[in-house]
């Protein structure tokens with residue numbers, strides 16, 4: 367089938383859209399991609415919603431309004447592709463992720479989106495896994511495995527969005543995954559507070575600073591890193607700790623320390639065996655400070671996913687096109703080794719245009 371995948375990640379920068387041809391088990395080909403950036407007032411409202419989400423109800427007026435706005439922006443992204451697909455996969459915007467409380471919350475009006483794009487829309491990919499005791503994240507590993515079917519194993523695939531996660535593909539077919547810790551989210555927030563920029567373009571600010579190793583050690587002492595995988599976390603999990611640990615640092619040294627924090631957390635994940643290569647996707651692969659720190663911590667080559675012909679900006683969107691077809695076919699979206707759920711878990715809901 368031709369599917370459109372849609373992803374708006376915890377970096378809150380906009381919508382990635384991508385076309386993929388797949389049967390939900392193999393990837394025949396990837397197609398056109400598009401990126402629609404959120405206007406700054408919308409991004410600021412979404413960022414405020416992250417802080418407010420724990421105390422909000424499903425029918426809170428701001429939640430309802432933003433859910434409609436997100437659907438409209440996603441419909442615009444679909445229109446940019448100008449593609450006759452058969453289904454769309456709509457991740458929505460995560461505003462809260464708390465698996466221990468059996469709660470994960472992605473907003474976005476899927477019925478409104480289906481009406482606007484005149485396609486069936488698969489959505490709500492995480493709730494069933496979390497309700498069954500899984501982490502609900504990450505959901506990309508089965509897609510990574512399909513994309514990497516012909517690549518040499520063992521292989522580590524790293525995605526650095528607002529939160530970072532890894533997929534380990536073993537030589538024996540094993541799949542292991544987890545959220546590693548912070549991605550670009552804390553660094554983006556830091557840059558917005560201390561400069562006039564929205565993010566650290568190319569890692570220039572972090573590269574100009576010096577890592578404070580004492581404060582980095584304090585960050586890495588968070589209890590999350592002692593938890594066994596599979597595990598996942600909320601985008602704001604480290605906020606209070608980062609505020610305390612980075613107090614009095616200047617803009618450059620704070621950025622350098624947070625970039626090092628992202629890389630150190632990724633490298634700290636225990637691997638079943640050393641990977642032969644590390645492939646990096648997501649916005650973090652553009653940050654030269656993060657990439658340099660990763661290369662310093664791994665003995666094997668660390669390269670952006672473009673070295674194997676993938677599109678690191680579109681990979682997550684492609685994933686949700688892949689998962690939409692799996693929802694349609696009743697195939698599992700998660701496994702014990704990827705989210706910690708007890709057995710392979712189906713998930714997702716399909717809404718059709720009126």
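In my numbering, the protein residues as written are 367 to 720.
Glycine included, each C-beta is placed from N, C-alpha and C at the ideal position.
Note that the coordinates shown come from a computational prediction; the quantities given were computed from them, not determined experimentally.
Contact belief for residue i with residue j at Cβ below 8 Å, rounded distance in angstroms
{"i": "residue 482", "j": "residue 447", "result": "So it is not a contact: roughly 14 Å between Cβ atoms."}
{"i": "residue 536", "j": "residue 519", "result": "6 Å"}
{"i": "residue 653", "j": "residue 633", "result": "About 15 Å; that fails the 8 Å criterion."}
{"i": "residue 453", "j": "residue 373", "result": "That pair is no contact at about 15 Å."}
{"i": "residue 496", "j": "residue 470", "result": "5 Å"}
{"i": "residue 420", "j": "residue 462", "result": "6 Å"}
{"i": "residue 370", "j": "residue 423", "result": "Between residue 423 and residue 370 the Cβ distance is about 31 Å, and since that is not below 8 Å, they are no contact."}
{"i": "residue 663", "j": "residue 630", "result": "7 Å"}
{"i": "residue 666", "j": "residue 641", "result": "6 Å"}
{"i": "residue 713", "j": "residue 699", "result": "5 Å"}
{"i": "residue 657", "j": "residue 646", "result": "7 Å"}
{"i": "residue 638", "j": "residue 543", "result": "In fact, because the Cβ distance is near 12 Å, the residues do not count as touching under 8 Å."}
{"i": "residue 585", "j": "residue 627", "result": "5 Å"}
{"i": "residue 529", "j": "residue 685", "result": "With 8 Å as the limit, residue 529 and residue 685 do not qualify as a contact, their Cβ atoms being about 15 Å apart."}
{"i": "residue 432", "j": "residue 415", "result": "6 Å"}
{"i": "residue 683", "j": "residue 445", "result": "15 Å between Cβ atoms; not a contact."}
{"i": "residue 719", "j": "residue 484", "result": "5 Å"}
Enclosing beta strand (DSSP E) for residue i [first to last residue]
{"i": "residue 529", "result": "529-535"}
{"i": "residue 373", "result": "368-374"}
{"i": "residue 491", "result": "Counting along the chain, residue 491 falls outside any beta strand (DSSP E), and DSSP gives it neither H nor E."}
{"i": "residue 402", "result": "393-403"}
Delimiting residues of the alpha helix (DSSP H) encompassing residue i
{"i": "residue 333", "result": "Because the chain here runs from 367 to 720, residue 333 falls outside it and cannot be looked at."}
{"i": "residue 685", "result": "681-695"}
{"i": "residue 576", "result": "Run containing residue 576: none; DSSP gives neither H nor E here."}
{"i": "residue 611", "result": "605-611"}
{"i": "residue 545", "result": "Where residue 545 is concerned, there is no enclosing alpha helix (DSSP H), although the beta strand (DSSP E) it sits in stretches over 541-548."}
{"i": "residue 502", "result": "First-last for residue 502: undefined, no H or E at that position."}
{"i": "residue 558", "result": "551-560"}
{"i": "residue 509", "result": "507-513"}
{"i": "residue 480", "result": "476-483"}
{"i": "residue 663", "result": "654-663"}
For residue i: DSSP bridge partner residues
{"i": "residue 525", "result": "531 and 647"}
{"i": "residue 711", "result": "700"}
{"i": "residue 463", "result": "470"}
{"i": "residue 668", "result": "644"}
{"i": "residue 716", "result": "488"}
Min CB distance residue i to chain C below 8 Å
{"i": "residue 516", "result": "Reference to chain C is not applicable here, since this structure consists of a single protein chain."}
task: Please confirm if the region 677-687 is in contact with the region 702-719, defined as three or more CB-CB distances below 8 Å between the two stretches.
output: Counting Cβ pairs under 8 Å, fewer than three are found: no touch.
Contact between the region 536-554 and the region 599-619 (3+ Cβ pairs under 8 Å): Three or more beta-carbon pairs drawn from the region 536-554 and the region 599-619 are found closer than 8 Å, and the two stretches are therefore classed as touching.
message: Would the region 476-492 count as touching the region 689-697 if we require 3 or more Cβ pairs under 8 Å?
response: Because the criterion of three Cβ pairs below 8 Å is met, the region 476-492 and the region 689-697 touch.
message: I'd like to know if the region 562-572 and the region 613-631 are in contact, where contact means that at least 3 CB-CB pairs between them fall below 8 Å.
response: Three or more beta-carbon pairs separated by less than 8 Å link the region 562-572 to the region 613-631, which places the two stretches in contact.
query: When the Cβ atoms of the region 370-380 are set against those of the region 401-417, are three or more pairs found closer than 8 Å?
result: As far as the Cβ criterion goes, the region 370-380 touches the region 401-417, which means the pair count is three or higher.
message: Would the region 386-394 count as touching the region 437-446 if we require 3 or more Cβ pairs under 8 Å?
response: Output reads no: the region 437-446 does not touch the region 386-394.
task: Could you tell me which uninterrupted alpha helix (DSSP H) segments, each at least 4 residues in length, are contained entirely in the region 379-461, listed from first to last along the chain?
output: Taken in chain order, the unbroken stretches of alpha helix (DSSP H) that lie wholly in the region 379-461 and span 4 residues or more are 406-418 and 427-447.
field: Meets three-Cβ-pair contact criterion under 8 Å: the region 559-568 and the region 641-659
entry: Cβ pair count under 8 Å is three or more, so yes.
field: Sufficient close CB pairs (3 or more, under 8 Å) joining the region 574-585 to the region 523-531
entry: Output reads no: the region 523-531 does not touch the region 574-585.
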